[in-house]
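Numbering (the numbering used here), first residue to last: 1 to 465.
Ideal placement from N, C-alpha and C gives every residue a C-beta, glycine not left out.
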Ligand SMILES: [Fe+2]
């Protein structure tokens, strides 16, 4: 297998230049026999390097860890989007990120996205997701790309990388931002039932154009965060940042009843902040409680004039939002539950939208510089209190931790946590399997790869039928 020439790298962002099938992987410890299924992960892995393109807009590469009867195999494939295919034919980059075509690209070519952010299984479909375009359907065994999925033409436009699956009804609830075109303030909202039929699809206006990465779904409500990482066509046309941090615009969260309509949305106001990811949310006696990873200032994007945001404030912490639905106030509360820098929060998905007592997220080492890479995981209870923490050896990094229940009727939190770990010294990756309620003990099993899996975004477990 190909390997990078460098003996030790400082980070794990560079793409890997190959697709592979690796059966009978070496396992350290014992892989639980009940773990039968596949962990799918997605992340940027540009096929060709492109001048000025940020790594997070690179072509999606899927990594599948298949576990069965204590054995493990691995397969990775690029998502063959129209962009990937056109560049593959040309043998070079044709796009420079965010849909920007390079000057020497053939005319008539349009960007169809990179499908690099998440991979979700619903109603028999495995969907590679990226928030700018429709889902891309993937064949679950071979990872072959089947093409865009628009549910027989029932949906159109951008589709979030973070749809929610209602654990009670099996319904998939989604939204899309820039729904009326690039850098517009319209959102789309829709749902797909447990059989894969679109039951709702509509559009509505929000207070201003912003980057909306995730949203909130509870038993009876859906909440749309409009946070001041704003989009502006005027800026984009004058060579300024299309997305920028404008805290003076304030934070809005629109609360809609799931059986209601967009014209009845109530907009709550809050302190300016940015949130990429929601851990979970639920309804509690006339209130909605949402646990999020909140940044004081948006990371990765500048102020409108190009100045960077403050790195000390551009880190996420576990934070609780509370919305009083009684009509007494149009402000929502924001209370940090911890000071630890973290991201990629997950729960036992059987409690999605319902009161949960367990959560996990990737964290930075508190002793490392504040802006450090994610190098550990934390287990928290339903109040945000840390129940356990595991830190990797210095230099190693960890992916989003994905929970897998021990059995269908196991208690909440009883199961395993799966995360991909980059071993900096060896420059290769392991799939680490933790006991979800005892992460401090360290991984119960490691599935060892000969190569590295670049730092990616999100993944999900699909149990064997
Ligand atoms: Fe995300």
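- A residue is listed when its beta-carbon falls short of 7 Å from at least one non-hydrogen atom of ligand 1; in chain order these are 117, 118, 161, 162, 213, 214, 276, 277, 457, 458.
- At the C-beta level, residue 158 and residue 176 come within 7 Å of one another.
- For the stretch 365-415, the full-length beta strand (DSSP E) segments reaching 3 residues or more read 374-381, 386-391, 402-405 along the chain.
- The beta carbon of residue 205 is closer than 7 Å to those of 185, 186 in its chain, skipping five residues each way along the sequence.
- Buried is the label assigned to residue 460, since at least 16 other Cβ atoms lie within 10 Å of its Cβ.
- Of all alpha-carbon atoms in 244, 73, 61, 375, the one lying nearest the alpha-carbon of residue 21 is that of 73.
- Per DSSP, residue 55 lies in no alpha helix (DSSP H) segment and is marked neither H nor E.
- When beta bridges are read from the DSSP output, residue 284 appears opposite 287.
- Excluding residues up to 5 positions away in sequence, 113, 158 lie with their Cβ nearer than 6 Å to the Cβ of residue 132 in the same chain.
- Counting only residues of its own chain and dropping the five nearest sequence neighbours on each side, residue 198 has a CB closer than 7 Å to the CB of 151, 154, 155, 190, 192.
- Nearest to residue 464 by C-alpha distance, out of 50, 42, 66, 14, is 66.
- In the three-state DSSP reduction, residue 235 falls in the helix class (H, G or I).
- Under the three-state reduction of DSSP output, residue 432 falls in the strand class.
- For residue 88, the uninterrupted alpha helix (DSSP H) run begins and ends at 82-90, by DSSP.
- A direct Cα-Cα distance of roughly 27 Å separates residue 443 from residue 319.
- Counting C-beta pairs closer than 8 Å gives fewer than three between the stretch 257-274 and the stretch 339-348, which falls short of the contact rule.
- When secondary structure is reduced to three states using DSSP, residue 30 falls in the coil class, being assigned neither helix nor strand.
- Counting along the chain, the unbroken beta strand (DSSP E) around residue 446 starts and ends at 445-448.
- Residue 433 places its beta carbon less than 7 Å from that of residue 445.
- A check of alpha carbon separations from residue 92 across 81, 104, 292 identifies 104 as the nearest.
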